[in-house]
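Engineer: The structure follows.
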Amino acid sequence: PDAYDQYSVIYESGGKTAIYLNTNPEPTLLQEREVWTETYVQWSPLGTYLATFHPRGIALWVGDKFTQFMRFSHNKVQCISFSPC
7 PDAYDQYSVI YESGGKTAIY LNTNPEPTLL QEREVWTETY VQWSPLGTYL ATFHPRGIAL
67 WVGDKFTQFM RFSHNKVQCI SFSPC
């Protein structure tokens, strides 16, 4: 399958998060949201999921529109690990 490099940028003091597709000649903005995460984001190893970190847990996002897939409750979580996904 084709591989598409995507990357996230958190800016405005954490107030906004954007996901870009690494295209030529300029990156393409795929999604931008306000207060999408409280601290940082993490991709699953195969890029299937995007995890956002919050004081009360983790949210997983999937697909072209980054639809919320699942939430996991765990206060003050700072680290997660994926099985290949």
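First residue of the sequence shown: 7, per the working numbering; consecutive thereafter.
Positions of the beta carbon are idealized from the N, C-alpha and C atoms, including for glycine.
It should be emphasised that the depicted structure is a prediction, and the values quoted were computed from it without experimental measurement.
(1) Is the Cβ-Cβ distance between Arg-39 and Thr-29 less than 9 Å?
(2) Which of helix, strand or coil does DSSP assign to Glu-18?
(3) Taking the beta strand (DSSP E) that His-80 falls in, what are its first and last residues?
(4) State the Cα-Cα distance for the pair Phe-78 and Gly-63, rounded to the nearest angstrom.
(5) Give me the residue from Gly-53, Gln-48, Pro-51, Val-15 with the minimum Cα distance to Leu-35.
(6) Let me know the secondary structure DSSP gives Tyr-26 once reduced to three states.
(7) Of the residues Ile-25, Tyr-13, Leu-52, Asp-11, which one's Cα is nearest the Cα of Ser-87?
(8) Return yes when the Cβ of Thr-54 is within less than 9 Å of the Cβ of Val-68, no when it is not.
Structural biologist: On the basis of the supplied data:
(1) no
(2) coil
(3) Taken as a continuous stretch (DSSP letters only), His-80 belongs to no beta strand (DSSP E), as it is neither H nor E.
(4) 6 Å
(5) Val-15
(6) strand
(7) Leu-52
(8) yes
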